[in-house]
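Listed in order, the protein sequences are those of chains A and B. The numbering used here numbers the first residue of the first sequence as 99 and each following residue consecutively. The numbering used here numbers the first residue of the second sequence as 99 and each following residue consecutively. Just so it is clear, CB atoms sit at the ideal spot from N, CA and C, and this is done for glycine as well. As the structure is a computational prediction, the values presented were derived from the model and not from experiment.
There are 2 protein chains.
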Amino acid sequence: MWMTGLSGAGKSTLSTAIAARLAAQRPVELLDGDDVRTFLSAGLTFSRADRDTNVHRIGYVARLLAKHGVLVFVAAISPYAETRAQLRELSTAAGHAFVEVFVHAPLATVIERDVKGLYRRAQAGEIERFTGISDPYEPPASPDVEVRTDRDSRDACEAQITAALAARGLIAAA
Amino acid sequence: MWMTGLSGAGKSTLSTAIAARLAAQRPVELLDGDDVRTFLSAGLTFSRADRDTNVHRIGYVARLLAKHGVLVFVAAISPYAETRAQLRELSTAAGHAFVEVFVHAPLATVIERDVKGLYRRAQAGEIERFTGISDPYEPPASPDVEVRTDRDSRDACEAQITAALAARGLIAAA
């Protein structure tokens, strides 16, 4: 489950909640972009090349886990459509389902939320290359799932995602 | 199973053979230092700091896999005793057994074998910071298992390692 979207859109929140709920049913792991960056990608910048390297490392680890039957949620901005397409190819080639989940909240909404205060700092020029402000985000053209966290309740978004898992036989139907 | 030793000592060979044999019995994964470097640590040098970063990344991935019941073989030179001790602590703290396997062949032997031609190049000064030639290797003071690949047959070395696994309940006794 590749959760892509702007910072603050709800990728980690949704992934954490769903992963926790599914853990009783099947092996599940959450690879959170921020955490993973600390462990796998310290020193990388937010240039396109380094963002791609970071995301490919997460993909590599996700495939290793999937190979052993683990359902993996990746919560990472992963702003580039081409890179996400590469990850889909690599995953599919390895025999694993790749489900692109667009965790969608409009930029105005995440700026308004600004849970971590990062947008304010980015707008003030204190953070370089901040996705949505000073760095691009390419929304998925045809995501497998799209949840609108600005309009729909968290429960409704979770239900959409678990329905997509069930439809693919990755979890038991509710 | 943390396989440490000089380049050419037999870490990958032994790990590959044992992992292949155990795969029918339980989930098993091999993280080979050379492969992993490509995926997780491109751009890192062979300085102490970068070697440590590389090895810690492998350890992070190994713990993720172990968390889901996978028996992980890591085949990585991992030349620094203190770093291996840290990895043991991290692994133990996460509730996973950490078995340090010293894949031991004397330097003279691996230079003589020189399977990949690397020792010749390192001795000619064509490779910088090559472990054993121009960079240190700190042998384990008290490894959990020590196999002597210069003296003992491959079968005997494999048997020693699988016995250590069985003794820890990580595989069924032979």
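Contacts with chain B at 8 Å (Cβ-Cβ) do not include Arg219/A. For the pair Ser145/B and Gly106/A, the Cα-to-Cα distance works out to about 37 Å. Near chain B, meaning a CB-to-CB distance below 8 Å, the residues of the stretch 151-164 of chain A are Thr151, His154, Arg155, Tyr158, Val159, Leu162 and Leu163. Residue burial is scored here from C-beta neighbours: Ser232/B has fewer than 16 other C-beta atoms within 10 angstroms and is therefore classed as exposed. For Val199/A, the uninterrupted beta strand (DSSP E) run begins and ends at Glu198 to His202, by DSSP. Taking 7 Å as the cut-off between beta carbons, the residues of the stretch 122-135 of chain B near chain A are Pro125 and Glu127, in sequence order.
Each residue's CA atom was taken as its position, placing Ser113/B and His202/A some 44 Å apart. If only uninterrupted alpha helix (DSSP H) runs of at least 4 residues are considered, those enclosed by the stretch 159-242 of chain B are 179-191, 205-211 and 216-221.
Beta bridge pairing from DSSP links Thr102/A with Phe200/A. By the C-beta criterion, the stretch 148-159 of chain B is judged not to be in contact with the stretch 198-213 of chain B, since fewer than 3 inter-stretch pairs fall below 8 Å. Among the CB atoms of chain B, none fall inside 8 Å of the CB of Val199/A. For the set Thr102/B, Asp248/B and Ala222/B, the Cα lying nearest the Cα of Val208/B is the one of Asp248/B.
For Asp248/B, the three-state secondary structure derived from DSSP is coil. Counting only Cβ-Cβ distances below 7 Å, Leu263/A has no contacts in chain B at all, with the closest Cβ about 18 Å away. Nearest CB-CB separation between Val245/A and chain B: not below the 8 Å threshold. Proximity of chain B to His166/A at the Cβ level (cut-off 8 Å) is accounted for by Pro125, Glu127, Leu163, His166, Gly167 and Val168, in chain order. The three-state secondary structure of Leu128/A, taken from DSSP, is strand.
By the neighbour-count criterion, in which 16 or more other beta carbons inside 10 Å mark a residue as buried, Val213/A falls on the exposed side.
With respect to chain A, the C-beta atom of Leu185/B has no partner C-beta closer than 8 Å. Sixteen is the threshold: when 16 or more other Cβ atoms of the shown chains lie within 10 Å of the Cβ of Ala160/A, as they do, the residue is buried. Contact between Pro238/A and Ala179/A is confirmed by a C-beta separation of about 7 Å, below the 8 Å threshold. Three or more beta-carbon pairs drawn from the stretch 160-173 of chain A and the stretch 182-195 of chain A are found closer than 8 Å, and the two stretches are therefore classed as touching.
Put simply, the CB of Phe196/B is far from chain A, with every gap to its CB atoms at 8 Å or more. Around the beta-carbon of Ser251/A, fewer than 16 other beta-carbon atoms lie within 10 Å, marking it exposed.
Straight-line spacing of the CA atoms in Phe200/B and Thr102/B works out to 5 Å. Here the C-alpha atom of Glu210/A lies approximately 53 Å from the C-alpha atom of Ser110/B. Here Pro234/B is exposed, its C-beta having fewer than 16 other C-beta atoms within 10 Å. Think of a sphere of 8 Å around the beta carbon of Phe137/B: the chain A residues whose beta carbon falls inside it are His154, Arg155 and Tyr158, in chain order.
For Gly157/A, the secondary structure class from DSSP, reduced to helix, strand or coil, is helix. With fewer than 16 other CB atoms across the displayed protein chains lying within 10 angstroms of its CB, Arg218/A is exposed.
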